[in-house]
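Report on the following structure.
Below, the structure is given as structure tokens:
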């Protein structure tokens, strides 16, 4: 044992005296000469965009988004939705549920009953906006430049940077906010059950195509989302506008903490409670552990007669038990 300790001590002394463990802080790289080369390489990357093979995908995403907006607007003329007055909770049905899950405006309270009011289009399709850039690799937007750039839907901005033929109407006309549950784009519905099911199925198919198309575009084109808020930026790096407000000492001038954006960041699914045939007519708080969930668009289309893909059966708890 003593011999082993002696050997270890000698090895440690040799390593501590070895020049390999010395720290050298000097560098022979001349960064002043490399900086113009790096900037030029960044500018030359713009020549590779947009990727020609992704232009049809971007155009398909725009068409699916238009069909989805019109389809949801038409379905809202027949199927009522409710939204909470004090939190983002949404429910598809004539009356809201009785599950105590309201947390108020600023999450000050929790487990409170909801105050239900008539919902509108933005409750189903939550708008997500981003700064509109003329070039993907243009200079980073600074805080004092935040009013010099227009705010457009993030999905439309992604398609624009992907080379899609985006009209000014799709670029600057956002999803309107309605004071009722009906849509605002002038879509009418005659009322037959067959037509209702057909519109619902087309709307659900457009929802699926839209999400798949956005996923494909995100594999090629970069997009960022803040880790602490819902701010989205389409481009290789986030902007410098200090609008996060997550840190109390910085108030609303906090800087964003950017990470890679996913499909749900550009297209929030707006999860709602799903009522199964064997559930009570009004969902009660005692059965919240038994009820399932579904994206609001999927739940809306399902109640209108559309066939729901099997990938949603797990979260909807189709074969689950009821609380009673």
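Residue numbers (full-length UniProt numbering): 1 to 324.
Don't be surprised by glycine CBs; every beta carbon is placed ideally from N, CA and C.
What you are looking at is a predicted structure, and each value in this text was computed from that prediction instead of being measured.
| query | result |
| --- | --- |
| Identified DSSP bridge partners for residue 138 | Paired residue(s): none; residue 138 is not in a bridge. |
| Enclosing alpha helix (DSSP H) for residue 129 [first to last residue] | Taken as a continuous stretch (DSSP letters only), residue 129 belongs to no alpha helix (DSSP H), being part of the beta strand (DSSP E) at 129-131. |
| Neighbourhood of residue 131 by C-beta, 7 Å cutoff - its chain only, sequence neighbours within 5 removed | 141, 149, 151, 233 and 239 |
| Residue 61 versus 273, 166 and 304, residue with shortest Cα-Cα distance | 166 |
| Residue of 280, 269, 283 and 86 minimising C-alpha distance to residue 300 | 269 |
| Where residue 48 sits in the DSSP three-state scheme | helix |
| Residue 178 in three-state terms, based on DSSP | Low confidence applies here, because residue 178 scores a pLDDT of 42, under 50, leaving its location unreliable and the question unanswered by this model. |
| Helix, strand or coil at residue 71 [DSSP, three-state] | helix |
| Rounded C-alpha distance that separates residue 81 from residue 117 | 9 Å |
| Nonlocal neighbours in the same chain, by C-beta distance under 6 Å from residue 64, ignoring five residues either side | 206, 209 and 210 |
| Closest residue to residue 311 among 221, 293, 322 and 94 (Cα-Cα distance) | 293 |
| Residue interval of the beta strand (DSSP E) (run including residue 223) | 223-226 |
| 7 Å Cβ cutoff met for residue 113 and residue 100 | yes |
| Straight-line Cα distance separating residue 29 from residue 126 | 49 Å |
| Under the three-state DSSP convention, the category residue 256 falls into | coil |
| Reduced DSSP secondary structure (H/G/I, E/B, other) of residue 98 | strand |
| Cβ shell of residue 58 (< 7 Å), same chain only, five flanking positions each side left out | 159, 162, 163, 164 and 217 |
| CA nearest to the CA of residue 333, picked from 147, 50 and 257 | For the chain, the structure presents residues 1 to 324; residue 333 sits outside this window and is missing. |
| Simplified DSSP assignment, three categories, for residue 211 | helix |
| Cα-Cα separation, residue 318 to residue 295 | 14 Å |
| Residue 122 to residue 265 span [Cα, whole Å] | 16 Å |
| Within 7 Å, strictly: CB atoms of residue 86 and residue 107 | no |
| When 154, 302, 255 and 276 are compared against residue 235, the one with the closest alpha-carbon | 154 |
| Extent of the continuous beta strand (DSSP E) run through residue 294 | 292-295 |
| For residue 318, three-class secondary structure by DSSP | coil |
| Spatial neighbours of residue 111 in its chain, beta-carbon cut-off 6 Å, leaving aside the 5 residues before and after | 100 |
| Beta carbon of residue 241 nearer than 7 Å to that of residue 143 | yes |
| Alpha-carbon spacing of residue 282 relative to residue 288, whole angstroms | 12 Å |
| In DSSP terms, what residue 274 is bridged to | 292 |
| Other residues of its chain near residue 201: CB distance less than 6 Å, five sequence neighbours each side excluded | 306 |
| Cβ-based burial, residue 226 [other Cβ within 10 Å; buried from 16] | buried |
| Beta-carbon proximity of residue 220 to residue 51, cut-off 7 Å | yes |
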